[in-house]
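Novice:
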Amino acid sequence: KELIRVLHVDDESSFLGLTTEFLVREDDRFEIVTDTRPEDGLDRLAVDSFDCIVSDYQMPTMTGIEFLEAVRESYPSLPFILFTGEGSEAVASDAISAGATDYLQKQTGTEQYQLLANRILNAVESYQTQYELKQYQLLVETVGDPMYILDDDGLITLANEALAEMLVCECQ
């Protein structure tokens, strides 16, 4: 059972504790690391690895969007969920435009934590799938042996550079 490391940044420490408790209850793979200041979150990101970031929007020193933009400079595809009480279409639009993976409005009740846990799991799974696909693609493209994929009719649907070069050489 692989841990899912989440960095949660929110200026309200009591809310961080509550969210941590509920997320761990939802899925015991979650390991939640918390910071009350985005700057501390950025420092932590520089020395530690995480599978996802969850951030509030309204914080004293910088907004969640500014934090997201700072994260994106070094971690362009790390899942980032804006989890905020600021529920406006403008904030949601800004978050998605800035590269947020997801946007979730804080609500009363415990259902919000189930929803947040689900969004984190989906974002991390998607990120890991994309990463593995890129690694596979890099491997296929850089290996010197010709490689190809056939469809059910025996037609080539994908070929690497080595096969293309081999076919060009043989056809000339």
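For the sequence shown, the numbering used here gives the first residue as 389, with consecutive numbering after it. We put the beta carbon where it would ideally sit given N, CA and C, even for glycine.
#1: Below 7 Å CB to CB, which residues in the same chain sit around Arg507 once its five sequence neighbours on both sides are set aside?
#2: With the cut-off set at 8 Å, would you say Asp439 and Arg393 are in Cβ contact?
#3: Please go through the same chain and pick out, in chain order, the residues whose beta-carbon is closer than 6 Å to the beta-carbon of Asp482, but skip the five residues on each side of it.
#4: Do His396 and Val442 have their C-beta atoms closer together than 8 Å?
#5: Can you tell me the Cα-Cα spacing of Met535 and Pro464, whole angstroms?
#6: Check each candidate in Leu411, Gly475 and Pro448 and name the one with the smallest Cα separation from Pro426.
#7: In terms of DSSP beta bridges, what is Arg393 paired with?
#8: Just list the residues that DSSP pairs Ser443 with in beta bridges.
#9: From Phe418 to Leu503, what distance separates their C-alpha atoms?
#10: CA-CA distance, Leu433 and Ile420?
#11: Figure out for me which residue from Glu520, Arg413 and Asp398 has the closest Cα to the Cα of Glu499.
#12: Comparing C-alpha positions only, which one of Ser462, Val512 and Asn510 sits nearest to Asp431?
#13: Nearest by alpha-carbon distance to Asp399: which of Asp444, Tyr501, Asp541 and Ser476 is it?
#14: Which residues bound the beta strand (DSSP E) around Gln493?
Specialist: Walking through what the data contain:
#1: Taking the sequence shown and counting its residues from 1, the one referred to as residue 507 is at position 119. Cβ neighbours of Arg507 beyond the five flanking positions: Ile469, Asp490 and Leu492.
#2: In the sequence shown, residue 439 corresponds to position 51, counting from 1. In the sequence shown, residue 393 corresponds to position 5, counting from 1. Their beta carbons are under 8 Å apart, which means Asp439 touches Arg393 by this criterion.
#3: On the sequence shown, position 94 is the one that residue 482 refers to. Once the five neighbours on either side are set aside, the close Cβ partners of Asp482 are Ile453.
#4: As a position in the sequence shown, residue 396 is number 8, starting the count at 1. As a position in the sequence shown, residue 442 is number 54, starting the count at 1. Yes, Cβ-Cβ distance for His396 and Val442 is below 8 Å.
#5: In the sequence shown, the residue the question calls residue 535 occupies position 147. In the sequence shown, the residue the question calls residue 464 occupies position 76. Near 30 Å, if we compare the C-alpha coordinates of Pro464 and Met535.
#6: The residue you call residue 426 lines up with position 38 of the sequence shown. Taking only the C-alpha atoms, the option nearest Pro426 is Pro448.
#7: In the sequence shown, residue 393 corresponds to position 5, counting from 1. According to DSSP, Arg393 bridges with Glu419.
#8: Position 55 of the sequence shown holds residue 443. For Ser443, which the question treats as bridged, DSSP gives the partners Val397 and Leu470.
#9: Looking up residue 418 in the sequence shown gives position 30. Looking up residue 503 in the sequence shown gives position 115. Answer to the nearest angstrom: the Cα atoms are 14 Å apart.
#10: Here residue 433 is taken as the residue at index 45 of the sequence shown, counted from 1. Here residue 420 is taken as the residue at index 32 of the sequence shown, counted from 1. Cα-Cα distance, rounded: 13 Å.
#11: Stepping through the sequence shown from its first residue, residue 499 is reached at position 111. Answer by Cα proximity: Arg413.
#12: Mapped onto the sequence shown, residue 431 falls at position 43. Looking at the Cα atoms, Ser462 is the closest of the given residues.
#13: Numbered from its first residue, the sequence shown carries residue 399 at position 11. Nearest option by C-alpha distance: Asp444.
#14: The residue labelled residue 493 in the question sits at position 105 within the sequence shown. Note, Gln493: beta strand (DSSP E), Asp490 to Gln493.
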